[in-house]
Structure formats: structure tokens, C-alpha cells
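Novice:
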Amino acid sequence: MLPPIERAAELIARSKDLVVLTGAGISTESGIPDFRSPGGIWSKYDPEQFTYQNFVSNPAHRRSYWQMSLEIHPVLAAAQPNAAHVAVAELERRGQLRAVITQNIDGLHQRAGSSPERVIEIHGTALAVVCLSCGDRLPREDVQARVLGGETDPRCRECGGTLKPATVSFGQAMPERETALAFEHAERADVFLVIGSSLVVHPAAYLPVRAVESGAKLVIVNLQPTPCDEMASVLLRGKAGETMAALVELSAS
Ligand code: APR
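Note that the working numbering gives residue 233 to position 252 of the sequence shown, counting from 1, and the numbers run on in steps of one.
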């Protein structure tokens, strides 16, 4: 039996419809903490505080959210793509990759060279801000500057509505177009590659299941076990950067 990395490389080399699903684990080597590893974001902040309902209905909560963003957003804005993001962009450059479905909001896939039209951001993006009333969309940096300048609960300058980063919070509706597209790609994939996700948040965590149900081979690159491990054809228990660099190298030959 070939070593797992070589079996995964063989699947990828032969793949005609490769689809990638990434989670926060692909960005930790870029300095962005993930959510559920020891020391991750949910070990510092209570996810209950981050529900959509709380943000919309509770001005005091919005103020503390924006206050906290003064500390967290600069880390995300300064992060650079790492070897794993670059490897995914390389798979696209070779013409093998149909789509990168990402749960991440950091825009690092696009910064690594993945074509924006092939990146499906199913949890939105932290790089933009939207008005929850009129839908006006602004660059995040413009609103961060306003918060830095003392606006503790920035309002829409078009209609006075509440402004919120264009991310999908718990309890908020998923983006319809992106979600439908993600499931379409999962159901058409011949190889479905998961990189850096605990696969515990739905509907994203259904994507590998639907891919396998539709006949895809599942490859998981993750430091910790996931609920989808038993259905994987290959499990690569390692760091995303070095594992993906090796995979791209081996699947080129
Ligand atoms: N290499 C490989 N795997 C890694 C690395 C790394 N360098 N760093 C972390 N991981 C793994 C962790 O072991 C963990 O299993 O990545 C996984 C990250 O899981 P989560 O922190 O749960 O992140 P994610 O799966 O993206 O969470 C999904 O939950 O809170 C919501 O909206 C948020 O999009 C997020 C969603």
C-alpha cells in the first residue's frame, strides 16, 4: 500500500473535477487563530455573544463587537497567504480545480492567486461591510477607520441603518447563491479535498458527505480528527502548509 500522501497525490493527479473545502485551519500558519483548536477564538470569546440576533437587537453588543474588531481586524488584514493557499492556487493554475469553497472570511485564497470567480465564500467576507437595511456595501477599511475615529456603532450614511461586516454570523441566513453553488460543485466532484476544518458547522459540514454520496473520493488534510474521517479515502494528519506543498509537488509528476 502506498503511503497516504502518495495515494492522495495519485487521486489529485487523476482528478478531472477537484473541489476544495477550506476552514480556519488553512489560515493558522498565516497568523490567524482558528476557532476550536486549544487557544482558538471560541476559547477566548463566547460564540453566544456573536449571534446575528444579538448584533441586530443589542446596541451595547454592537459597540463591544466593533471595539473588539479594533484588536482582531488588523491581524486579519495584515495576514499573508501561506504555502497551503499557494498550493491551492497552483492546482487551479494546472486546470484541475473546479472551485475552492471556503468557510474563511480572510480573503487569503484570492490573495494567493486563486481566481475570485472560483472562490466560494460561504460564510461571507470580513473585507466588506453591508448595511442591514438598504444593502449598501462598503470596504471594511473605510468603516474600520470610522470606528478608530470614534464611531462606536457606525450607521449607514445612505439610510441610517445598522452596518455589519459582510460575514455570516450564527443565526444569520447563509448566502443563497454561494451555498447552492457549493453543493452543486460538491455533487459533481470526483475528488473532494478538505483542508483545515473541524467539519462541525453545518451546512458546510454536509459538503464532504454529499460529495462522497455523489461518488467523490474524499481526502482530508487536518491536524485533528473530524466527523467525516471514516468516509475519507485518504487522511493526512499534518500541517496544511507542508502537506499541501508536498501534495502539489507529488501530483505534478
Ligand atoms: N494545519 C492543518 N490543520 C489545522 C491547522 C494547520 N496548520 N491549524 C488548525 N488546524 C485544524 C484544527 O485541528 C481544526 O480541526 O483546523 C481545524 C479548524 O477547525 P475550526 O477552528 O472549527 O474552524 P472551521 O472548521 O473553519 O470552523 C467552521 O465555525 O465558528 C464558525 O464561522 C466559523 O467558519 C467558521 C466555522
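In this text, a Cβ means the ideal position worked out from N, Cα and C, and glycines have one as well. Because the structure is a prediction, the values reported are computed rather than measured.
Can you tell me where the alpha helix (DSSP H) with Pro40 in it begins and where it stops?
Specialist: 40 to 59
Novice: Where do the ends of the alpha helix (DSSP H) carrying Phe278 lie?
Specialist: The chain is shown only over -18 to 234; residue 278 falls outside these bounds and no answer can be derived.
Novice: Within a Cβ cutoff of 8 Å, which residues of the same chain sit near Arg127, ignoring the five residues on either side of it in sequence?
Specialist: Pro135
Novice: Whole angstroms is fine: what's the gap from Thr83's alpha carbon to Tyr187's?
Specialist: 13 Å
Novice: Compute every distance between the C-beta of Leu174 and the non-hydrogen atoms of the ligand APR, then say whether any falls below 6 Å.
Specialist: Leu174 Cβ: outside cutoff for every heavy atom of the ligand APR.
Novice: Extract the residue ranges of the beta strand (DSSP E) inside the region 77 to 105, only unbroken runs of 3 or more that lie entirely within it.
Specialist: 78 to 83, 100 to 102
Novice: Classify His183: buried if its beta carbon has 16 or more other beta carbons within 10 angstroms, exposed otherwise.
Specialist: exposed
Novice: Taking all protein chains shown into account, decide if Cys112 is buried (16 or more other Cβ within 10 angstroms of its Cβ) or exposed.
Specialist: buried
Novice: Check for me: the alpha helix (DSSP H) holding Arg(-12) runs from which residue to which?
Specialist: Start and end: -15 to -5.
Novice: If you count every other CB in all the chains shown that lies within 10 Å of the CB of Asp123, and 16 or more means buried, which is it?
Specialist: exposed
Novice: What residue from Ser195, Ser50, Arg99 has the CA that sits closest to Glu73's CA?
Specialist: When each option's Cα is compared against that of Glu73, the closest is Arg99.
Novice: Pick helix, strand or coil for Thr32, following the three-state DSSP scheme.
Specialist: In this structure, Thr32 counts as strand in the three-state DSSP scheme.
Novice: Just the C-alpha distance for His104 and Arg(-5), rounded to the nearest angstrom, thanks.
Specialist: 30 Å
Novice: Would you identify the three-state DSSP class for Ile13, choosing helix, strand or coil?
Specialist: Reduced to three states, the DSSP call for Ile13 is coil.
Novice: Quick one, are the C-beta atoms of Val175 and Glu71 less than 7 Å apart?
Specialist: no
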